[in-house]
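See structure below.
Residue numbers (UniProt numbering): 1 to 429.
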């Protein structure tokens, strides 16, 4: 049965071939021809002169470029197809470890065809698996041990290549241990350290990379805050649940927080609000005259305006007690509502509400769900259609990262999930 991810890899690689782009796949590409799993992203090396054309091909096929990571020699591209990831990690001008090249661009001259793509020549593959295990992994995976042990190679050429990367004595030791299949005895950490200090430019490259790595790790940057907003009946809770399930399935740490009115307050807002509502109903029942109603309306506006900052304070308490700590623990926080109940408060001027919202920390992404008042009424019969119109009018005065008209549940969820997943991938979350 055709696999949609493999099909996309085949489309891209076939286009590379048609354009004469010089490239080689490095490793873990078996799934392209033997239907094996898991399907992974492809590590690929391309010539410097073809980098622009590689970017053009990927862009034409709808791939997005991820923000530059700490390693400048790597360029990452991805595409989501039915929420499945298709990705390329492109190394430019050779094979690198932490921006330090150990196989140069000459390997492209020796490439060999395999199925519908090109791979490294046998000797280059052998060297690449050994050096990648030493530098990149600092241990030899069982899979790589099996591949290395099963390969045929020219010992003199491999020894010469390893000598250029390390030195003659270390290369001979490595090769002897590999041939004896004593992979665990290869001193990977000391070899990696030697590779760094062997050349002055390696030391300066490594130090610069460490600085970029520290910035890239974002130790003091909070994880994304994703807020789902919309009028009553728009399907906010359903989408929040779908987002959580999807992100957790991708091994991301997630926390869901409800930030609306009615529950989970840190201040006794709900109890005070209910007491006020009961008192207001009794007063109106005793004095239903127009004068009493006008006086009640003025009192209500005054009280609601005075209570709005209190509700804001409760929102801030909930943010710094529940949301912010989770974000600093690198957990992606999804909120059902966020500040929207302040936006929708009755008897408070819009300008004052907007002023209060300025104090709330801004979400990373906002997803606004909407539909016509009639459709929302069908979903929530208890709601008043005039009030639904009022809510939509207020929501439409703000901007959002993504606006979705609620339709079929699956379609809406997929659009939102792709939007969120693309943002997280592009920004390395």
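Ideal Cβ placement from N, Cα and C applies to all residues, glycine included.
Starting from residue 188, trace the alpha helix (DSSP H) in both directions and tell me its first and last residue.
Position 188 of the chain shown holds residue 188. It spans 188-197 - the alpha helix (DSSP H) in which residue 188 sits, taken as one unbroken run.
List the residues that DSSP assigns as beta-bridge partners of residue 44.
Within the chain shown, residue 44 is the residue found at index 44, counting from 1. According to DSSP, residue pairing for residue 44 in a beta bridge involves 25 and 90.
Locate the alpha helix (DSSP H) running through residue 227, then write down its first and last residues.
Numbered from its first residue, the chain shown carries residue 227 at position 227. Careful: residue 227 lies outside any alpha helix (DSSP H), inside the beta strand (DSSP E) at 225-229.
For residue 327 and residue 231, which I take to be in contact (beta-carbon distance under 8 Å), what is that distance rounded to the nearest angstrom?
On the chain shown, residue 327 is found 327 positions in, with the first residue counted as 1. On the chain shown, residue 231 is found 231 positions in, with the first residue counted as 1. No, residue 327 and residue 231 are not in contact; Cβ-Cβ is about 27 Å, not under 8 Å.
Could you give the distance in angstroms between the alpha-carbon of residue 118 and the alpha-carbon of residue 41?
As a working mapping, residue 118 is identified with position 118 in the chain shown. As a working mapping, residue 41 is identified with position 41 in the chain shown. Between the C-alpha atoms of residue 118 and residue 41 there is a straight-line separation of about 16 Å.
Ordered along the chain, which non-local residues of its own chain (more than five positions away) have a Cβ less than 8 Å from that of residue 377?
In the chain shown, counting from the first residue as 1, residue 377 sits at position 377. Hits under 8 Å: 233, 383, 385 and 388.
Does the segment 20-40 come within contact of the segment 65-80, defined as at least 3 CB pairs closer than 8 Å?
With a cut-off of 8 Å, the segment 65-80 and the segment 20-40 do not count as touching, because too few Cβ pairs lie within range.
Which one or two residues does DSSP pair with residue 158 in a beta bridge?
Residue numbering aside, residue 158 sits at position 158 when the chain shown is read from its first letter. Paired residues: none, contrary to the question.
Does DSSP put residue 253 in a helix, a strand or coil?
Locating residue 253 in the chain shown gives position 253, where the first residue counts as 1. Residue 253 sits in coil when the DSSP states are folded into three classes, being neither helix nor strand.
Check whether the Cβ atoms of residue 100 and residue 206 lie closer than 8 Å to each other.
Residue numbering aside, residue 100 sits at position 100 when the chain shown is read from its first letter. Residue numbering aside, residue 206 sits at position 206 when the chain shown is read from its first letter. Cβ distance < 8 Å, so residue 100 and residue 206 count as in contact.
Beta carbon of residue 404: closer than 7 Å to some heavy atom of the ligand NAP?
Absence of the ligand NAP from the depicted structure is noted, as is the absence of any ligand whatsoever, leaving it without description.
Kindly identify the DSSP beta-bridge partner or partners of residue 64.
Start at 1 with the first residue of the chain shown, and residue 64 comes out as number 64. Among the bridge pairs identified by DSSP, residue 64 is matched with 78.
Enumerate in chain order the residues of its own chain whose CB-to-CB distance from residue 36 is below 7 Å, with the five nearest sequence positions on each side excluded.
For this step, residue 36 is matched to residue 36 along the chain shown. The residues are 30.
Since residue 119 is in the beta strand (DSSP E), which residue starts that stretch and which ends it?
To locate residue 119, count along the chain shown from 1; it is residue 119. 117-119 is the extent of the beta strand (DSSP E) around residue 119.
Sorted by chain position, which residues of the same chain lie with C-beta nearer than 8 Å to residue 336's C-beta, five sequence neighbours on each side aside?
Sequence index remark: in the chain shown, residue 336 carries index 336 (1-based). Taking C-beta separations shorter than 8 Å and ignoring five residues to either side along the sequence, the partners of residue 336 in its chain run 228, 236, 237, 240, 256, 257, 258, 259 and 260, following chain order.
With 8 Å as the threshold, decide whether the Cβ of residue 334 is near any Cβ in chain C.
Included in the structure is just one protein chain, with no chain C present.
With distances taken Cα to Cα, identify the nearest neighbour of residue 415 among 243, 10, 140 and 86.
In the chain shown, counting from the first residue as 1, residue 415 sits at position 415. That would be 243, whose Cα lies nearest to the Cα of residue 415.
Unbroken alpha helix (DSSP H) runs of length 4 or more, entirely within the segment 312-369: which are they?
Taking only runs of at least 4 residues, the alpha helix (DSSP H) segments lying wholly in the segment 312-369 are 324-328, 340-343 and 350-357.
Straight-line Cα distance separating residue 168 from residue 160:
To locate residue 160, count along the chain shown from 1; it is residue 160. To locate residue 168, count along the chain shown from 1; it is residue 168. Taking the straight line joining both Cα atoms gives about 8 Å.
Are there 16 or more other CB atoms within 10 angstroms of the CB of residue 97, so buried, or fewer, so exposed?
For the purposes of this step, residue 97 is taken as the residue at position 97 of the chain shown. Residue environment analysis places residue 97 among the buried positions, since at least 16 neighbouring C-beta atoms fall within 10 angstroms of its C-beta.
Strand pairing of residue 114, partner residues [DSSP]
Your numbering for residue 114 matches position 114 in the chain shown. Its beta-bridge partners are 117.
Assumed close pair residue 58, residue 88 - CB separation to whole angstroms, cut-off 8 Å:
In the chain shown, residue 58 corresponds to position 58, counting from 1. In the chain shown, residue 88 corresponds to position 88, counting from 1. About 7 Å separates the Cβ atoms of residue 58 and residue 88, confirming a contact at the 8 Å cut-off.
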